[in-house]
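Protein chains in written order, with my numbering: chain A, 1 to 261; chain B, 262 to 385; chain C, 386 to 617.
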Amino acid sequence: MLNKLLKHELKATARLLIPLYLILLFFTIMDRIVLHLDIFKGVLSLIPGLITIGYVLSIVAIVVVTAILMIMRFYKNLFTDEGYLMFTLPVKSYHHINSKLIVAILWTVVSIIAVIGSIFIVAATPENLKAFNEGLKMFWAELSGPSEDHRLTIFIELILMLFLSLINNILLIYLSIAIGQLLNGHKIIGAFASYIGITTVLQILATLLIFAASLIFKDIVEDVTFIRTTVFPVTILSLIILSVIYYFITDLIFKRKLNLE
Amino acid sequence: MKWELNSDRPVYVQLIEQIQAEIISGNYKPGDKLPSVRDLAAEATVNPNTMQKALSELERIGLLLTNRTSGRYITSDEQMIKKLKAESAKNQILEFIDKMHQLGFEPEETLNLFIEIVKSHKQD
Amino acid sequence: MNTILECKSLTKNFSNLTALSNVNLALERGRIIGLLGPNGSGKTTLIKLINGLLVPNSGEILIDGKQPGTETKKIVSYLPEKTYLPEWMRVSQAIEFFSDFYEDFDQKKAYEMLERLHLDSKKRLKTLSKGTKEKIQLILVMSRKADLYCLDEPIGGVDPAARDYILNTIISNYNENATVIISTHLIADIENILDEVVFIKDGLLTLHTSVDDIRTKEGKSVDTLFREVFRC
Numbered sequence: 001m002l003n004k005l006l007k008h009e010l011k012a013t014a015r016l017l018i019p020l021y022l023i024l025l026f027f028t029i030m031d032r033i034v035l036h037l038d039i040f041k042g043v044l045s046l047i048p049g050l051i052t053i054g055y056v057l058s059i060v061a062i063v064v065v066t067a068i069l070m071i072m073r074f075y076k077n078l079f080t081d082e083g084y085l086m087f088t089l090p091v092k093s094y095h096h097i098n099s100k101l102i103v104a105i106l107w108t109v110v111s112i113i114a115v116i117g118s119i120f121i122v123a124a125t126p127e128n129l130k131a132f133n134e135g136l137k138m139f140w141a142e143l144s145g146p147s148e149d150h151r152l153t154i155f156i157e158l159i160l161m162l163f164l165s166l167i168n169n170i171l172l173i174y175l176s177i178a179i180g181q182l183l184n185g186h187k188i189i190g191a192f193a194s195y196i197g198i199t200t201v202l203q204i205l206a207t208l209l210i211f212a213a214s215l216i217f218k219d220i221v222e223d224v225t226f227i228r229t230t231v232f233p234v235t236i237l238s239l240i241i242l243s244v245i246y247y248f249i250t251d252l253i254f255k256r257k258l259n260l261e
Numbered sequence: 262m263k264w265e266l267n268s269d270r271p272v273y274v275q276l277i278e279q280i281q282a283e284i285i286s287g288n289y290k291p292g293d294k295l296p297s298v299r300d301l302a303a304e305a306t307v308n309p310n311t312m313q314k315a316l317s318e319l320e321r322i323g324l325l326l327t328n329r330t331s332g333r334y335i336t337s338d339e340q341m342i343k344k345l346k347a348e349s350a351k352n353q354i355l356e357f358i359d360k361m362h363q364l365g366f367e368p369e370e371t372l373n374l375f376i377e378i379v380k381s382h383k384q385d
Numbered sequence: 386m387n388t389i390l391e392c393k394s395l396t397k398n399f400s401n402l403t404a405l406s407n408v409n410l411a412l413e414r415g416r417i418i419g420l421l422g423p424n425g426s427g428k429t430t431l432i433k434l435i436n437g438l439l440v441p442n443s444g445e446i447l448i449d450g451k452q453p454g455t456e457t458k459k460i461v462s463y464l465p466e467k468t469y470l471p472e473w474m475r476v477s478q479a480i481e482f483f484s485d486f487y488e489d490f491d492q493k494k495a496y497e498m499l500e501r502l503h504l505d506s507k508k509r510l511k512t513l514s515k516g517t518k519e520k521i522q523l524i525l526v527m528s529r530k531a532d533l534y535c536l537d538e539p540i541g542g543v544d545p546a547a548r549d550y551i552l553n554t555i556i557s558n559y560n561e562n563a564t565v566i567i568s569t570h571l572i573a574d575i576e577n578i579l580d581e582v583v584f585i586k587d588g589l590l591t592l593h594t595s596v597d598d599i600r601t602k603e604g605k606s607v608d609t610l611f612r613e614v615f616r617c
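Next up, the structure:
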């Protein structure tokens, strides 16, 4: 049944995002052409500017729509009148989380690739690419310190952290929406309040933990390898633990505390 | 056909009466095939179970016949329909006499009055 | 097993009120049952409990012997009071949605009913009137060959022609072995199609009997009896 939920979730979201990707593609190609042609004189010189504005706007639209869609699909499809349809389907409640999460991750990744890819297409000149390459090298050098043996480990850790914080953030938004719907008449405000509340508490806890850790591990903090061997793994582990907690509380609310009006 | 059901008597009793009336008046002819229970129920906006109950009762007294493969039919026994007609007429008259009695007329008086009115009605 | 729905000491509280209190009820297959009571008496709460949208505080609810869950959702066809189909969908997409998720959904039947309404299945739901959307939902719900149909206020606020359409659709399409629960406060309109009635008042089950019994024993219509029982 997860497959069917995924299919319908994709349908419901693709109809909004695919057209935006096509618009971005159009402006990307146009912008690439006009920026590398030097033929616009007089009034015509406005054209490259206008196309660039369209290009930037289409990037903004993709970023905004991807983020809002992730939130709105979860809220509207599950906690407004549509919830009557979704929660009476013969599927396990956690499959709703799975399908929404998987599709949200998919579109986030596709949107990131689309935006970065399009920037490359528009901006790629031999000089730019060279500068980019050097920037990347410097970044690596900073991260891995004097030794180059652990570059792969650091790379994997970085990708994992990015991916896990994406999942973590989506699940936190889902949990906040699920908590918010418990409040009759204030569901959306409730969701915002839960999100702010949970992040604030976590911030305070994290600050305290880091402070405590800096006292305990005073001597080794100076060592660069500390980041690879301890800071990153601890971050990854806490992201996983938090995600699991968010997931299970959300499902528990689905099962025990649905509050459809 | 038109179904008129009031709400203070059991529906199946009223369905029986109305189907009988249709047969007596000749709207349903001897040997006619009846629509399915569902269709009849939908037409009268009644519960199919109730329609089934009414039809079973009509089957029991022999007005309807069921053929397992092809459905339900009005009986072809014209004698039986005539008998039903006579019985129905008798019931109407008994009811009439009863009502007149409530108004204070003895059966004799009722009969005289009845004849008088029928005569003057003819002259009109 | 001939009992399709069984409630045992079913109780549901919301923070400040008791919506259902110690309800005991057993419904058999093959009946059309009116769930009758004024607004706010607990009808919708009971229907939501049947559909697993709420969880009881105490007591038990069994559908075909099972607690509400994925298995019971396969055999219960539910029409809520809300228009619950996503607005962006075309009618044909809503039909596809139902046939994807419900094994007992008869797509052919749904299209036949749509045709009788002269409705173009290419249309998007947001372009249709509220009344038409409600008819489409009814068509979807009645195109399932379910064991239990739960129809929450299906005739609330519709004109007489639409009411006849709705009642006819229910009568001619429900699965013969199934039970239909119709919740309403408009009793006169539907009492001819009911086998049994269940009266709910302030969260309490006050009466469960057959319509013929009310008419033969009391010599009055269900509507009249209802007005007497629920007189303010």
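Built from N, CA and C at the ideal position, the CB exists for glycine as well.
Going by beta carbon distance, what residues of the same chain come within less than 8 angstroms of residue i, once the five residues before and after it are set aside?
| i | result |
| --- | --- |
| Gln-281(B) | Leu-319, Leu-324, Leu-345 and Ser-349 |
| Tyr-469(C) | Gln-522 |
| Leu-35(A) | Pro-48, Thr-52 and Val-122 |
| Leu-166(A) | Ile-105 and Thr-108 |
| Glu-304(B) | Met-262, Trp-264 and Pro-296 |
| Ile-188(A) | Tyr-75 and Gly-180 |
| Glu-413(C) | Asn-387, Thr-388, Ile-389 and Thr-564 |
Run through chain C and tell me which residues come within less than 9 angstroms of residue i, C-beta to C-beta.
| i | result |
| --- | --- |
| Ala-12(A) | Pro-471, Trp-473 and Met-474 |
From the DSSP output, read off the bridge partner residues of residue i.
| i | result |
| --- | --- |
| Asn-398(C) | Thr-403(C) |
| Ala-411(C) | Glu-391(C) |
| Tyr-463(C) | Cys-535(C) |
| Ile-417(C) | Val-565(C) |
| Gly-332(B) | Asn-328(B) |
| Ser-443(C) | Thr-396(C) |
| Thr-594(C) | Val-582(C) |
| Leu-46(A) | According to DSSP, which records beta bridges pairwise, Leu-46(A) is partnered with nothing at all. |
| Lys-314(B) | In DSSP, Lys-314(B) forms no bridge with anything. |
| Ile-448(C) | Leu-390(C) and Lys-451(C) |
| Lys-294(B) | Tyr-334(B) |
| Glu-299(B) | Sequence check: residue 299(B) is Arg here, not Glu. BP columns for Arg-299(B) are empty, so no partner. |
Once the 5 residues before and after residue i are set aside, which same chain residues still bring their CB inside 6 angstroms of it?
| i | result |
| --- | --- |
| Leu-301(B) | Met-312 |
| Ile-446(C) | Cys-392, Leu-395 and Leu-434 |
| Met-498(C) | Ile-524 |
Within its chain, find whatever has a CB closer than 7 angstroms to the CB of residue i; leave out the 5 residues flanking it on each side and keep chain order.
| i | result |
| --- | --- |
| Lys-507(C) | Arg-475 and Ser-477 |
| Ile-116(A) | none |
| His-362(B) | none |
| Ser-99(A) | Leu-2, Leu-5, Leu-6 and Glu-9 |
| Leu-258(A) | Phe-87 |
So for residue i, helix, strand or coil by DSSP?
| i | result |
| --- | --- |
| Lys-530(C) | coil |
| Ile-39(A) | coil |
| Val-630(C) | Outside the modelled stretch of chain C, which goes from 386 to 617, sits residue 630(C), for which no answer is possible. |
| Ser-176(A) | helix |
| Phe-490(C) | strand |
| Leu-258(A) | coil |
| Leu-20(A) | helix |
| Leu-182(A) | coil |
| Ala-129(A) | Ala is not the amino acid found at residue 129(A); the sequence shown has Leu there. Helix. |
| Leu-525(C) | helix |
Against residue i, what residues of chain A qualify as contacts under a CB-to-CB distance less than 9 angstroms, listed in chain order?
| i | result |
| --- | --- |
| Pro-465(C) | Asp-81, Tyr-84, Leu-85, Thr-88 and Leu-260 |
| Asn-436(C) | Tyr-84, Phe-87 and Thr-88 |
Using a cut-off of 7 angstroms between C-beta atoms, extract the partners of residue i located in chain A.
| i | result |
| --- | --- |
| Val-440(C) | Arg-256 |
| Lys-458(C) | Thr-88, Leu-89 and Pro-90 |
Along chain C, which residues have their Cβ under 7 angstroms away from the Cβ of residue i?
| i | result |
| --- | --- |
| Lys-92(A) | Thr-455 |
| Val-307(B) | Asn-577 and Ile-578 |
| Lys-130(A) | The premise fails here: Lys-130(A) is roughly 47 angstroms from chain C at the closest Cβ pair, so nothing lies under 7 angstroms. |
| Lys-4(A) | Asp-485 and Phe-486 |
Using a C-beta to C-beta distance shorter than 9 angstroms, which residues of chain B count as neighbours of residue i?
| i | result |
| --- | --- |
| Ala-573(C) | Ser-268 |
For a contact meaning CB atoms closer than 8 angstroms, what does residue i contact in chain C?
| i | result |
| --- | --- |
| His-8(A) | Phe-482 and Asp-485 |
Interface residues of chain A around residue i at Cβ under 8 angstroms?
| i | result |
| --- | --- |
| Thr-512(C) | Ordered by position in chain A, no residue passes the 8 angstroms Cβ test against Thr-512(C), which lies about 16 angstroms from the chain. |
| Thr-403(C) | What Thr-403(C) touches in chain A: nothing, since even the nearest Cβ is about 17 angstroms away. |
| Thr-468(C) | Asp-81 |
Closer than 8 angstroms by beta-carbon distance: list the chain B residues that pair up with residue i, in chain order.
| i | result |
| --- | --- |
| Ile-417(C) | Asn-308 and Asn-310 |
Output, in sequence order along the chain, the residues in the segment 60–90 of chain A whose CB is closer than 8 angstroms to any CB in chain C. So the close ones are Asn-77, Asp-81, Glu-82, Gly-83, Tyr-84, Leu-85, Phe-87, Thr-88, Leu-89 and Pro-90.
In the segment 534–553 of chain C, which residues sit with their C-beta less than 7 angstroms from some C-beta in chain B, listed in chain order? Asp-549, Leu-552 and Asn-553
Closer than 8 angstroms, Cβ to Cβ, to anything on chain B: give me those residues from the segment 592–612 of chain C, in chain order. Val-596, Asp-597, Arg-600, Thr-601, Gly-604, Lys-605, Ser-606, Val-607, Asp-608 and Thr-609
Under 7 angstroms, CB to CB, which of the residues in the segment 298–323 of chain B have a partner in chain C? Arg-299, Ala-302, Ala-303, Thr-306, Val-307, Asn-308, Pro-309 and Asn-310
Selection of the segment 271–285 of chain B by Cβ proximity to chain E, strictly under 8 angstroms: The chain inventory of the structure shown lacks chain E, comprising the protein chains A, B and C.
Which residues of the segment 554–571 of chain C have a Cβ closer than 7 angstroms to any Cβ of chain B? Give them in chain order. Here the close residues are Ile-556 and Ser-557.
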